[in-house]
Amino acid sequence: MEKERIYIFDTTLRDGEQAPGYSMNLDEKIRMAMQLESLGVDILEAGFSIASPGDFASVQAISRAVKNVTVAALARALPKDIDAAWESIKEARRPRVHTFLATSDIHLEYKLKMSRQQALEKAEKMVAYARNLCPEVEFSCEDASRTDLDYLCRVVERAIAAGASVINLPDTVGYATPDDTFKMVSTVMHKVPNIDKAIIAVHCHNDLGLGIANTLAGLKAGARQAECTLCGIGERSGNASLEELAMIMRTRNDEYPYVNAIKTEEIYRSARLLSSITGVKISPSKAIVGSNAFAHESGIHQHGMMANSLTYEIMTPESVGVLTTSLVLGKHSGQHAFEKRLEDLGYALSSEEVTRLFGEFKNLADRKKTITDKDLIALVESTNVPS
Ligand code: KIV
Ligand code: ZN
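Note that our numbering gives residue 95 to position 41 of the sequence shown, counting from 1, and the numbers run on in steps of one.
Right under this line is the structure:
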């Protein structure tokens with residue numbers, strides 16, 4: 055049986071960057087975008103172009119820099135937003151305007167002050183407007199998980215008829231359970247007559263810690279695009295985490311028999327780069343990329359690991375790119391090898407920082423024969439580089 059393809063939509067540079075403490079400048083965003091391209095994401099949401107001239111410039115620069123990935127720009131369902139989004143991505147090889155409008159009664163009444171009928175017409179009109187500019191349009195029904203299901207189906211049908219080829223059903227406030235998500239996606243899949251003309255996406259926030267579980271439930275119900283971020287960063291408690299999703303699909307392919315284009319060996323490097331650029335440390339116990347994810351401290355576990363690593367490891371460190379290197383660093387190593395290693399670990403450091411750290415590395419190497427990646431990470435992070 056041929057496995058179904060899941061498209062990975064990364065929104066680290068948009069939803070992720072909206073989280074406090076994660077803002078990045080233009081150069082940092084380009085660097086991150088290039089790494090996400092190496093990681094193998096299918097769609098990279100580069101930003102919210104109308105938000106500021108800086109956002110516009112970085113979306114445009116990313117559109118020019120990356121080659122093998124679709125570049126999406128977010129826009130409210132307003133002509134001025136859609137114009138800005140399109141202007142910023144039009145030089146991308148594969149541009150996508152991503153426009154959204156809330157569909158839940160609570161958002162319609164208190165935020166948009168619109169009736170259901172008005173929102174339906176607006177969604178249709180703005181998708182058609184975007185489609186007139188851009189060959190690929192994604193439409194998101196913001197707060198889909200709290201939207202009346204019959205109404206949601208009507209909006210989806212009209213958005214597809216107006217030209218959207220991707221329909222996103224976000225759990226904007228992280229309220230849904232996996233059962234809710236399964237029901238929402240399957241209802242849309244079965245009740246919307248023209249659904250075969252579009253791909254359904256899920257975009258699950260993590261307010262109740264269910265972002266990944268909901269994403270998996272959405273995929274089981276037929277969604278084929280998963281929206282996520284590196285390390286799960288995003289508004290409030292964040293979004294479903296890309297590395298967790300990719301490793302679930304790899305480790306539990308029996309249960310989730312899909313294929314995707316993520317090169318999982320690039321995961322660790324990508325997460326480290328994000329941490330290095332933003333200065334936000336990765337929690338040691340973070341699944342997949344935390345420093346303890348592959349550490350075994352207790353005697354019983356260590357004993358089992360020595361006999362056969364399958365006793366306590368469900369995936370190998372190598373499979374996520376935690377480096378097990380043959381390149382040994384020690385007191386005889388030169389600055390070049392040291393710098394290369396830091397780069398491989400995903401650190402984005404200036405040459406002054408590397409030089410300063412190299413002095414400290416030499417002191418450490420005098421005390422310790424061989425220096426492991428863990429030592430290097432501790433060295434960089436204990437000296438607060440970058441701040
Ligand atoms: O969470 C959400 O609803 C969003 C939309 C803008 C897609 O981020
Ligand atoms: Zn979101």
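A virtual CB, placed ideally from N, CA and C, is assigned to each residue, including glycine.
- DSSP links His259 through a beta bridge to Asn293.
- Judged by DSSP secondary structure, Ala100 falls within the beta strand (DSSP E) whose first and last residues are Ile97 to Gly101.
- Here the distance from the Cβ of His357 to the nearest heavy atom of the ligand ZN is not below 7 Å.
- Separation of Leu155 and Asp109 (C-alpha to C-alpha, rounded to the nearest whole angstrom) is 21 Å.
- DSSP assignment within the region 285-354 yields the following whole alpha helix (DSSP H) runs of 4 residues or more, N-terminal first: 296-305 and 321-332.
- Less than 8 Å divides the Cβ of Glu192 from the Cβ of Ala126.
- In chain order, Pro232 place their CB closer than 7 Å to the CB of Ala267, counting only its own chain and leaving out the 5 sequence neighbours on each side.
- Fully contained in the region 56-122 are the following alpha helix (DSSP H) runs of length 4 or more, in chain order: 80-93 and 107-119.
- By DSSP's assignment, Ile221 forms a beta bridge with Phe193 and Ile254.
- Rounded to the nearest angstrom, the gap between the Cα atoms of Lys134 and Met180 is 11 Å.
- If you look at Cys207, you'll find it in the alpha helix (DSSP H) that goes Leu203 to Ala215.
- Within the chosen limit of 7 Å, the ligand KIV reaches the beta carbon of Asn222 through at least one heavy atom.
- Counting every other CB atom within 10 Å of its CB across the protein chains shown gives Val374 a total of 16 or more, marking it as buried.
- Boundaries of the beta strand (DSSP E) around Glu281: Gln279 to Cys282.
- Beta bridge pairing from DSSP links Pro371 with no other residue.
- Assignment of Ala127 by DSSP, reduced to helix, strand and coil, places it in the strand class.
- Nearest to Gln72 by C-alpha distance, out of Ser240, Ala115, Tyr61 and Ser291, is Ser291.
- Taking every protein chain shown into account, the CB of Thr269 has 16 or more other CB atoms within 10 angstroms, so this residue is buried.
- DSSP, reduced to helix, strand and coil, places Val376 outside both helices and strands of the structure shown, so it counts as coil.
- For Ala315 against Asp96, the beta-carbon gap comes to about 6 Å, under 8 Å, which counts as contact.
- At least one heavy atom of the ligand ZN lies less than 7 Å from the C-beta of Gly288.
- In this structure, the beta-carbon distance from Cys282 to Leu328 does not fall below 8 Å.
- Distances from the CB of His350 to the heavy atoms of the ligand KIV are all 7 Å or more.
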